[in-house]
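Under full-length UniProt numbering, residues 1 to 160 are what the sequence shown spells out, in order.
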Amino acid sequence: MISVDEYVLDPTRTRIAFTATHRWGTRVHGHFTTFEGGTRAGNPWLTVQLDSLDTANPRRDTQLRRDFFDTKSHPTMTFETTSITQVSTSRYDVTGNLTIRGDTHPLTIPFTVTETPETLQATATTTLNRHTWHTNWNTFTTALVRPTVVIDLAVTATHR
1 MISVDEYVLD PTRTRIAFTA THRWGTRVHG HFTTFEGGTR AGNPWLTVQL
51 DSLDTANPRR DTQLRRDFFD TKSHPTMTFE TTSITQVSTS RYDVTGNLTI
101 RGDTHPLTIP FTVTETPETL QATATTTLNR HTWHTNWNTF TTALVRPTVV
151 IDLAVTATHR
């Protein structure tokens, strides 16, 4: 079981990435560069600045920020843990509330965790349906971009 020590994310060793797929198979890879997180009373939390989205295409990034995420009205995406279930020695299902565009829904993320005296490292890959959080621009893009988005997390946190 992981400890209930307090941790803070190390942004230089943490990656929050995603992959979206168009209907004809083209993939768009991106990540977020500005975020903070850690644990409070042993419960992980994360706040991502959505304006930090980077897909290596400035025009697309501007459109995603404006039309899909509406970052002027909703600048952050947050995840607050509600429960942690140990599945095996190093595997944990972390359930929490994910808020995007002011819309909150539960999400369970299967993490593989390694804990050392100095750090807690966790990796996870999960899929979410972007329609659940209304991250659509218009009817055309709703039809053009598949609703599922793969989230890839590689997190390193250090003791506070």
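Positions of the beta carbon are idealized from the N, C-alpha and C atoms, including for glycine. Predicted model only: the values in this text are computed from it and were never measured.
Status (buried if at least 16 other CB within 10 Å, exposed otherwise) for residue i
| i | result |
| --- | --- |
| Pro58 | exposed |
| Pro106 | exposed |
| Thr114 | exposed |
| Leu144 | exposed |
| Val87 | exposed |
| Val94 | buried |
| Gly25 | exposed |
Residue i and residue j closer than 9 Å at C-beta
| i | j | result |
| --- | --- | --- |
| Thr135 | Phe69 | yes |
| Thr108 | Arg13 | no |
| Ala17 | His31 | yes |
| Thr127 | Leu98 | no |
| Asp67 | Thr39 | no |
| Gly34 | Gln49 | It should be pointed out that residue 34 corresponds to Thr in this sequence rather than to Gly. Their beta carbons are under 9 Å apart, which means Thr34 touches Gln49 by this criterion. |
Contact belief for residue i with residue j at Cβ below 8 Å, rounded distance in angstroms
| i | j | result |
| --- | --- | --- |
| Arg15 | Ala154 | 5 Å |
| Glu118 | Thr89 | The pair is not a contact, with the Cβ atoms about 20 Å apart (cut-off 8 Å). |
| Thr81 | Asn43 | 4 Å |
| Arg91 | Thr125 | In fact, because the Cβ distance is near 13 Å, the residues do not count as touching under 8 Å. |
| Arg65 | Asp51 | 6 Å |
| Trp133 | Ile100 | 4 Å |
| Thr47 | Thr76 | 5 Å |
| Arg160 | Val28 | Wrong, their Cβ atoms sit about 36 Å apart, outside the cutoff. |
Residues that residue i bridges to, as DSSP identifies them
| i | result |
| --- | --- |
| Trp24 | In DSSP, Trp24 forms no bridge with anything. |
| Leu153 | Ile16 and Ala124 |
| Pro106 | Asn97 |
| His29 | Thr19 |
| Val87 | Val87 is not bridged to any residue. |
| Leu46 | Gly37 and Phe79 |
| His159 | Tyr7 |
| Glu118 | Note: Glu118 sits in no beta bridge, so no partner. |
| Gln129 | The sequence as given places Asn at residue 129; Gln does not occur at that position. Looking at the DSSP assignment, Asn129 forms a beta bridge with Thr148. |
| Leu64 | In the DSSP output, where bridge partners are listed per residue, Leu64 has none listed. |
| Asp54 | His31 |
| Phe111 | Tyr92 and Ala124 |
Residue from the options with nearest C-alpha to residue i
| i | options | result |
| --- | --- | --- |
| Arg146 | Phe32, Ser52, Pro11 and Thr19 | Thr19 |
| Val150 | Val8, His22, Tyr7 and His74 | His22 |
| Ser73 | Asp103, Pro110, Gly37 and Glu6 | Asp103 |
| Asp152 | Gln49, Pro110 and Thr62 | Pro110 |
| Trp45 | Leu120, Gly96 and His131 | Gly96 |
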